[in-house]
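Written below as structure tokens is the structure these notes are about.
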Amino acid sequence: LDSALPAFKPTFICMDVEGAEPEVLKGAVRLLEESRPDLAVSVYHAPHHIWEIPNFLHHLNLGYTFYLRNYTTFTGETVLYASVG
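Here the working numbering is used: the first residue of the sequence shown is 961, the next is one more, and so on.
Here is the structure:
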């Protein structure tokens, strides 16, 4: 995202990219640091995403607060919400 949209200043990013969420977030560090948008990120495509993604965002030290929401009776459709403020 950093190289594809260098001047983009989002306030909200919703992400469900079929398991590529960690890679997309790693490619958006500048955007996250500069804009600190609210996030809704799918964390159910791989079992380790449920801790890997919030851990990555936490270590950026941007002040995000995290919330998990599951929209089914199993682990599918689990979304990590992250908000600054």
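Quick reminder that beta carbons are idealized off the backbone N, C-alpha and C, glycines included.
The alpha-carbon separation between C974 and L1020 amounts to approximately 19 Å. Distance check between L999 and each of F1034, P1014, E983 and A1006 places P1014 closest, using alpha-carbon atoms only. Here DSSP, grouped into helix, strand and coil, assigns S963 to coil.
Put simply, of A980, G1023 and Y1041 the residue whose alpha carbon is nearest the alpha carbon of Y1031 is Y1041. Bounds of the alpha helix (DSSP H) holding F1016 are H1009 to H1019.
Taking the Cα positions, F972 is about 5 Å away from P997. Contact between H1009 and E981 holds: their C-beta atoms lie close to 6 Å from each other, under 8 Å. V977 sits in coil when the DSSP states are folded into three classes, being neither helix nor strand.
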